[in-house]
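Visitor: Take this structure, written in structure tokens, and hold onto it; I'll ask about it next.
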Amino acid sequence: MNTVTVVETRKNRQGVKVILDGGSAFSLSLAVAAEAGLHKGQTLSIPEIERLKSTDQLHRSLNSALRYMSPRPRSEVEIRTRLSRHGFDTETIRKVLAELRKQGLVDDVAFAQFWRENRENFRPRSRRLMELELKQKGVDAGIIAEATIDVDDDQGAYRAAQKKARSFSGLDYPSFRKRMGSFLKRRGFDYELSNRIIDRIWQEQSSELPD
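For the sequence shown, counting from 1, position 195 maps to 194 in numbering that gives the first Met the number 0; every step adds exactly one.
Right under this line is the structure:
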């Protein structure tokens, strides 16, 4: 058995340092230490110490995942990759993902739908490019197909070009066509569709000019 000789709160108050009578030490988050009721003079077996460390890892990794998800939803692969880069082991990551699924906080079907709606509303792009983005985020091919099955490239290209055209005002037709064509290409739209949209936007702009 090991006896706790010191339970020291760290300066940033983000955790405690636990020192044992043999001189060894380990760190825990405040929440895990409080839940375990750690105090000076407490005896801990090696299995108990390992359980505390494991619980602390889970607590830290879950908090890390939640912080990562705060700006926007994330796919499972995004979360797994992030936690792995932060040094959490495979078993801890598996438990975190299981807990997030249980709480309804991670769901690749919902994530794919969110991604589609976000792109359509704020940064329209082609169905093909949207599918590629979701694939890069580790979303299953079947989920991607279901989420993007009715994406309308014509509508997306028009909305993207209509918004971008404001920054091209004053250009002559060749310059407008070149710059808008490059923009739509970056958004994943094919050449034929881009040409049709460019002509449509140009004609609409021309009709709005005073005689």
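Virtual Cβ for every residue (Gly too), placed ideally from N, Cα, C.
1) So which of S44, P123, L170 and D189 has the shortest CA-CA distance to G21?
2) What are the boundary residues of the beta strand (DSSP E) that S26 is part of?
3) Am I right that L19 and T4 are in contact with their C-beta atoms under 8 Å? What's the rounded C-beta distance?
4) How should E130 be labelled, buried or exposed, when 16 other C-beta atoms within 10 angstroms of its C-beta is the threshold for buried?
5) Could you work out which residue in G180, P173, V150 and I148 is closest to Q212 when comparing CA atoms only?
6) Per DSSP, what are the beta-bridge partners of L19 in this structure?
7) Go ahead and pull the three-state DSSP assignment for G14.
8) Just list the beta strand (DSSP E) runs in the stretch 112-144, keeping only unbroken ones of 3 residues or longer that don't cross its boundaries, in chain order.
9) Find the nearest neighbour of F167 within the set G86, L104 and I200, judged by alpha-carbon distance.
10) So D152 is in the alpha helix (DSSP H); what residue range does that whole segment cover?
11) Within a Cβ cutoff of 6 Å, which residues of the same chain sit near R127, ignoring the five residues on either side of it in sequence?
12) From R178, D107 and V15, pick the residue whose C-alpha is nearest to that of K52; which is it?
13) CB of G14 to nearest heavy atom of the ligand SAH: below 7 Å?
14) Pick out whichever of Q204, G155, D189 and L183 has its Cα sitting closest to the Cα of R165.
Guide: Let me spell this out:
1) Between G21 and the set S44, P123, L170 and D189, the nearest pair of CA atoms involves S44.
2) A24 to S28
3) Between T4 and L19 the Cβ distance is about 6 Å, and since that is below 8 Å, they are a contact.
4) buried
5) This structure gives no information on residue 212, because the portion of the chain shown stretches from 0 to 210.
6) V3
7) strand
8) none
9) I200
10) D152 to K163
11) G187
12) The residue with the shortest Cα to Cα distance from K52 is V15.
13) Of ligands this structure carries none, so the ligand SAH is not represented either.
14) Q204
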